[in-house]
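Just so you know, our numbering puts 15 at position 26 of the sequence shown, and the rest follows in order with no gaps.
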Amino acid sequence: MESRFADQYVKLGKNIKKYRKRLGLSQEQLANRMSISRSYLSKIEAPNCQKSFSIETLFLLAETLHIPVYKLLEFDNQEI
């Protein structure tokens, strides 16, 4: 069953990937820094897998990516 927030999950995943790549990190490297599995991070970033996750994970992502958490939630003019 698709979440009613599927579009937002996709956009959030794209933002995570964008900021991860800006730091030159692989999924494995970011996952290791966060102490989560690469497969879990992959599901969060994947556009075809609307993976929900905790607000704590969102804060940890932002902290590890060295950005304010709101940057991950900026979806203006973003294509799906």
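Backbone N, C-alpha and C fix where the C-beta goes; we use that ideal spot for every residue, glycine too.
### Task
Give every residue of the same chain whose Cβ lies closer than 7 Å to the Cβ of lysine 32, excluding the five residues on either side of it in the sequence, and list them in chain order.
On the sequence shown, residue 32 is found 43 positions in, with the first residue counted as 1. Closer than 7 Å at the Cβ level, and outside the excluded window around lysine 32, lie Cys38 and Lys40.
Is DSSP giving isoleucine 5 helix, strand or coil here?
On the sequence shown, position 16 is the one that residue 5 refers to. Isoleucine 5: helix per DSSP, three-state reduction.
Using only CA atoms, which one of Gln(-3), Tyr29, Phe48 and Glu34 lies nearest to lysine 10?
Position 21 of the sequence shown, counting from 1, holds the residue named residue 10. Nearest of Gln(-3), Tyr29, Phe48 and Glu34 to lysine 10, Cα basis: Glu34.
Would you tell me roughly how many angstroms separate the C-alpha atoms of arginine 22 and threonine 53, rounded to the nearest one? Taking the sequence shown and counting its residues from 1, one reaches residue 22 at position 33. Taking the sequence shown and counting its residues from 1, one reaches residue 53 at position 64. Just so you know, the alpha carbons of arginine 22 and threonine 53 end up roughly 7 Å apart.
Pull up the CB-CB distance for isoleucine 5 and leucine 49, whole angstroms please, since I reckon it's below 8 Å. Within the sequence shown, the letter at position 16 stands for residue 5. Within the sequence shown, the letter at position 60 stands for residue 49. With a contact defined as Cβ atoms closer than 8 Å, isoleucine 5 and leucine 49 miss out at about 11 Å.
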